[in-house]
Amino acid sequence: MSLLSPLFLLGLLGIALPIWLHRLQTHATEREKFSSIMFMEQSQQRIHIRRKLKYLLLMALRILFLLMLVLAFTRPVFFVAPQGLVSENTTHHVIVMDTSFSMREGNSFEQAQTEAEAILAAMAPDDIASLYIASGSVETINPATADPAVIRASLGNLEPDVGRLDFGAMIASLDTLIESSQANFVIHFISDYQQSAQAVRFADMIPDVINGRPVNLEIHQVKIDDVPNWSLASIDVTGLREIRVGVVNNSEDAQSAEKSFTLSVNELEQQTVTQTVSAPAGGIAYITIDNVQFEDGDNRLDISMSPNDSLADDDRRHGVFDNSPPAPVILLSADPDSLAITYISTALETAPRGYEVELQNISDFDPRILQRYPWIIIDDIGAVNDILAQELRAYVDGGGAILALTGERSANQQTVPVGGQNISGGLGFSRNTTYSVQRVNSSHPALDRSVGWNNLNISRVVPVEAGENDNVLISLTNDVPFLLEQTIGLGRFLLLNTQLDNIWSDLPVKPLFVGFMAEAARHLSNEEQLVREQVVNSFLQLGQNGGASGQVYDPEGNRLLSLADTTQAQNILLNETGFYRISTLGGDVLVAVNPDPRESNLTLMEAQALQNWQNMVATSAGAVTVVDGEAVSVVDEEPVALEVWRVLLVLLAVIVLSESLLGNRYLRFNTGSS
Amino acid sequence: MIELGKTDNKSKPTRLLDPGVLSSLSNLELVAKSVVEGFVLGLHRSPKYGFSQEFVEYRPYTEGDDPRHIDWNVYSRTDKTFIKLFKGETNSHLMLLLDTSASMGFGSGNTSKLQYGKYLAASLAYLSSRQHDAIGTMVFNNEIVEFRPPTSRSGTLHSVIHALDKAEAVQGTSLEKPFTRFREHVKKRGLVAVISDFYCRPEDLQESVQPLSSHGQDVILFHLLDPGEMSPQIKESTLYEDMETGEAIEVSPVFMKQDYPDRVKAHIAAIQKAAQGMNADYVLLDTSQPLDRALHAYLTFREKRS
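In the order they appear, the protein sequences are chains S and L. The numbers in our numbering rise by one with no breaks, and the one at position 649 of the first sequence is 649. The numbers in our numbering rise by one with no breaks, and the one at position 143 of the second sequence is 817.
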C-alpha cells in the first residue's frame, strides 16, 4: 500500500481521535481559592507544568501508536545501500556468462565456468564482483559482493539453456542492471562469441557509461571444436504418409556426411532412415521419410539425427502435424447446380484446415441436423422461408454461425431472413453500373489476412440496410453494405451481399477469395489459428479474439496458467524446447518449440571485430567527462530492501507499554488529588 | 488574649451561639438578638457586667443621648434634664469597623469570616444598644463602603445592622483610608472594635490604628481566622489563588504542613505585639467557635476602659 493510498490517508484520520479526546480532557489546572497567599511559598515542583507535560506526552504516545499502526499496514520498505563495499580504488567485476543454446557445444560451458573462476581468483582485496547470465534475457544471479565464494557457489549451479543470445539486447539489459554503478567496473563477458549473436548495429553493443566511471570490456572467449555442425532445420509433411526433413550444414565449407534419422510419432519410434546428406556451406539438404503412420488429430513428430556432432542438442527437432479430418459444413442452396456451389466448395476444401462441404437442397433441408455443425453456408438467404428462418435463428442464437449470401431471391424480400435487415425494394443492381469497395474493416478476424478488396468489380448488390446491431465490415461506394456481421445470442450471422457466380461480382475468381473463405470459416467455427512450430523465447498468443485461451501445459506437463488466467487472452513465453499443449473446450492443440536455428551456426566473430568492440567500449568510457568527484563516494551495490514492519511492531509494543504506564500513573494522580 | 480553640469553662456556649446554627438564621438582627440574649442568660445576672436595671445615679443630659432616657419627673421638679443611669450602663460610644475585603469571604465550613464578622458586629451593636451606648459602624475594604457615625438615637441599631447585613466580601484590604476617614469624622472618644482578618503588615496596622489610640480611642482588634487558614490540609501540591489579588502560587503539602502554620503563628504574634504597642486589646477568634468568647472579651474590654 502506498503512503498516498486512500486507505492509508483514511487511517491517518484516526490520529484526530486522541487529539479530540485530549482536547476534551485537557483543562486548566484547577485553582483553589484561599484568603491570602502572603505566607505561602512557591513549590519547587511546578505541578501544573508537569501535569501538562504528562498530558502532552500521553497524547503524543497515542498519536504515535496510531501512526505506527497505520504505517505498519503499509508494509514500508526501506532500500538501504550497503556501506563499506566500495572505495575509490574498487573495481567492480561484472561477470556475464553466456548461457545461450550454443554454449551446449562440447565443453564450452565448463570452459566458461573455469574462466569465471579465474576472474574471481584474480580479484584484488578491495574489488567486488557480480554475476549475470545472458541468453534470451539477462538475469542477475549475484548482486555486487566482496565475497568471491558467493559467486563461486552460484557458478557451479549454472548451466546453458535453450535461448538465443543477442549482444545488443544483452548490453542494453546490462546498462539497466548496472546503471547505478559508479565504481570502476570491468565487464567480463564469457562467451563463444557467435557471429549470429552480433547486433545489427555495432553501436548497440557499446554500453553506456554512467557518471563518467571508466568501463572496460574484457573478452573471454571459449574454444569450440572445429568440426562441422549439422542441425535439423525443418519437418514438413509433404504427402499423406510422407515427411520431409531439412538438414542444415552450419559449417563454412560444403560438407557431406552419413546420418541416420529416427522418426518418432507420438513418442513411438516408427523408423530409422540412414542417408548421406550433402550440403554447401550454410546450405540445407532434405531427406524424405515414407510410410509414416499418423494418428487422427495432432501428431507429435520427433526427428533425431545421429551420430551426434559436438552440438548434439540441435540434432533433434520437434514438429506437429494436424491430421484432423476435414470439418463438415452444410451448404444450403436452392440451385445445387449453380456455379457458386463449385466456387464455394473448392475454396473450402482447399483451405488449410480443410472442410468437407455437404450440399443440401434448401427445400429438402431438415433443420434438426443443424446442431451437428458449428457453422453452415446459405448461397441465397432469400430462399429461406419463414419456418426455416426461425429454426436458423434459433440455431444461431444457441451458438451456431451462418455465412449467408444474397441472390435474386433475396432481392424479392422485404427483409433479410434470419438477420432481419431491411431491403429497400427491388434489385439494387444495374448491368451498366459497377460498384467498388469503399471501406474495409481489416481488423476483423475474417478480413485481417485478406487484401485486394478494392480491386473487386461488383455489378449487382441487394440494397440491404444495416440495422443497429449490424457491424458493417465492407461497404460499397453507395454505402450499401457488402459484408456485415450480426451477433445473435451466442452465434454470428455473416451476410455477404453478393452471389458467388462470377456474374454479380468477380470475387470468386479473385486470389483473395480462397483466403477470405478460409478466414471466414475459421472465424465462424471459432477455431484459433496457432503457429504450430515456434522457436524458443517466442510468444504464444492465445485468445486474441477475446475468447477463453484455455490451459497451457509446458513440455514437462506443468500447468502455466491459473484458473482465472485461462479465461483471458494470454501471451505465453515459450522458453523450453518440446511440445506445449493448449487444452481448450474444443480439444487439445500442440505447439512444437525448437531452438533458434541461428544458435546452431557456430561461426564465430572475427578476432578483429572482437578487438574493435573492446576498443570502442574503452574509447566510449574515456570520452565521457567526469562532472565532479562526488560520484566516487557513492556506493555500488543493489540496494537492500529492509522491511520495517517488524521494527514498527517492536515500536508499537514499546509505545503501548509506555502509554499504559503513563496513563496508569496519570489515573492514580487523579485519584489521589480527588 | 484569649487563645484560639479553647473554651472558657465559666461560660459554656449555648446552642444559639454556635456559628453553624446562626448561619441558618437569615435575619442578622435576629441573630444578634439571639446571640446577646443567649449570652446574657448565660451570665446569670452577674453584677460585674451590670446588666441589671438597678438605678445608680443621674447625670445631666448631653447632646447625643436618647431623649427617652430623660427622667421627666426630675425635670418637672428641677427644670433640668437628667439621664437616669443604671448599674452597668455607661455613656460610651461603640464604633464597629468591619473589614469586607475579599479574603473575609473565605470559609472552610458553613460560615465565612465575613459572616462571622457580621454576627459579631451585630451582636456587639445589639449588646451596646441594650446598654444605651451610641453605636456606629464603618464597613470597609479598599474603600469605605458604609459609614454611619455613632449615635444613640432610636433606629440606630436597625440602620447599623442593615449596613452590616448588606456588606459583601470584595476587593482588597487597606487600613489607611478607612482609619483616616474615621479620625476625620469621629472626634469623640469611645470604643472602637475592628473586625478583620488582618492580612496586612503589622507595621501598616500599627501605623493606621496608632493615631486612634493616640486620640484617646479605646481600640479592640477582633482577629478572625478560619480553621482552614490556620492549618490547611492538602495531599498534593496545590495551586492556591489569592482571593484579593488573584495571584496564584503552587505550594507543596510539605510546606503547608511544616512551615505555613509557623508563619501564621508568627503573623498572629506580630499583630498581637502591634496591638500591645498601640495600647489596643487583641482578640483572636476562630470562626468555628461560638461568639460568646468575643462578647466576653468585649465586655471585659468595655469594663476595663469605662
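Where is the CB? At the ideal position from N, CA and C, for every residue including glycine.
Alpha carbon to alpha carbon, what distance is there between residue j and residue i?
i: S:ASN250; j: S:PRO307; result: 16 Å
i: S:GLU643; j: S:MET68; result: 14 Å
i: L:THR830; j: L:GLN891; result: 21 Å
i: S:GLN421; j: S:LEU447; result: 22 Å
i: S:MET170; j: S:ASP225; result: 25 Å
i: L:ASN953; j: L:GLN884; result: 8 Å
i: S:ILE63; j: S:PHE78; result: 23 Å
i: S:LEU311; j: S:GLU105; result: 4 Å
i: S:LEU348; j: S:GLN499; result: 16 Å
i: L:HIS889; j: L:THR811; result: 18 Å
i: S:ASP236; j: S:VAL245; result: 6 Å
i: S:ASP470; j: S:LEU484; result: 6 Å
i: S:SER278; j: S:ASN601; result: 17 Å
i: S:THR272; j: S:GLN293; result: 13 Å
i: L:SER879; j: L:ILE945; result: Note on identity: in this sequence residue 879 of chain L is Leu, with Ser being the wrong assignment. C-alpha separation (whole angstroms): 8 Å.
i: L:TYR735; j: L:HIS832; result: 24 Å
i: S:LEU490; j: S:GLU267; result: 39 Å
i: L:LEU690; j: L:SER962; result: Bear in mind that the predicted position of L:LEU690 carries a pLDDT of just 43, short of 50, making it too unreliable to give a figure here.
i: S:GLU252; j: S:ASN229; result: 10 Å
i: L:THR847; j: S:GLY11; result: 59 Å
i: S:ILE376; j: S:LEU496; result: 13 Å
i: L:LYS754; j: L:ASP745; result: 10 Å
Check residue i in the structure and name its three-state DSSP category.
i: L:ARG751; result: helix
i: S:PHE185; result: strand
i: S:GLY672; result: Note on S:GLY672: pLDDT 35, under 50, position unreliable in the model; the coordinate value appears next. Looking at S:GLY672 - three-state DSSP - the assignment turns out to be helix.
i: S:GLU630; result: Because the pLDDT at S:GLU630 is just 35, under 50, the model does not fix this residue reliably, and the value given afterwards should be weighed accordingly. Helix at S:GLU630.
i: L:SER826; result: coil
i: S:ALA327; result: strand
i: S:MET40; result: coil
i: S:MET97; result: strand
i: S:PRO374; result: coil
Using a beta-carbon distance below 8 Å, is residue i in contact with chain S?
i: L:MET917; result: yes
i: L:TYR790; result: no
i: L:LEU913; result: yes
i: L:ILE923; result: yes
i: L:HIS941; result: yes
i: L:VAL938; result: yes
i: L:SER882; result: no
i: L:PHE617; result: Residue coverage of chain L in this structure runs from 675 to 980, which leaves residue 617 of chain L outside it and unanswerable.
i: L:LEU678; result: Residue confidence for L:LEU678 is low, a pLDDT of 40 falling below 50, so the modelled location carries little weight; the figure read from the coordinates is stated next. Not closer than 8 Å to any Cβ of chain S, the Cβ of L:LEU678 fails to qualify, so no.
i: L:SER766; result: no
i: L:TYR735; result: no
Quick one: what's got a C-beta closer than 6 Å to residue i's C-beta in the same chain, skipping five residues either side?
i: S:GLY467; result: GLN421
i: S:SER102; result: ASP192, GLN194, GLU599
i: S:TYR343; result: LEU500, PRO508
i: L:HIS743; result: ILE757
i: L:LEU768; result: SER802, ASP807, ILE809, LEU865
Any C-beta of chain L sitting closer than 8 Å to the C-beta of residue i?
i: S:PHE8; result: no
i: S:SER43; result: yes
i: S:ARG665; result: no
i: S:ILE37; result: yes
i: S:LYS54; result: no
i: S:MET68; result: no
Less than 7 Å between C-beta atoms, sequence neighbours within five positions excluded: which residues of the same chain meet that for residue i?
i: S:ASN89; result: ASP126
i: S:ALA523; result: Looking at the sequence provided, one finds His at residue 523 of chain S rather than Ala. Excluding residues within five positions, the ones whose Cβ falls inside 7 Å are PRO445, ALA446.
i: L:GLU842; result: THR774
i: L:ASP739; result: ILE757, SER826
i: S:ILE133; result: MET97, THR99, GLU139, ILE141, LEU158
i: S:GLY319; result: ILE235, LEU301, GLU533, ALA592
Am I right that residue i and residue j are in contact with their C-beta atoms under 8 Å? What's the rounded C-beta distance?
i: S:LEU232; j: S:TRP613; result: With a Cβ gap of about 32 Å, S:LEU232 and S:TRP613 do not count as contacting.
i: S:PHE109; j: S:GLU159; result: 7 Å
Once you ignore the five residues that flank residue i on each side, which residues in its own chain have a CB closer than 8 Å to its CB?
i: S:LEU240; result: none
i: L:LEU969; result: VAL709, VAL710, PHE713, SER797, LEU798, LEU801
i: S:GLU519; result: PRO445, ALA446, LEU447, ASP448, ARG449, SER450
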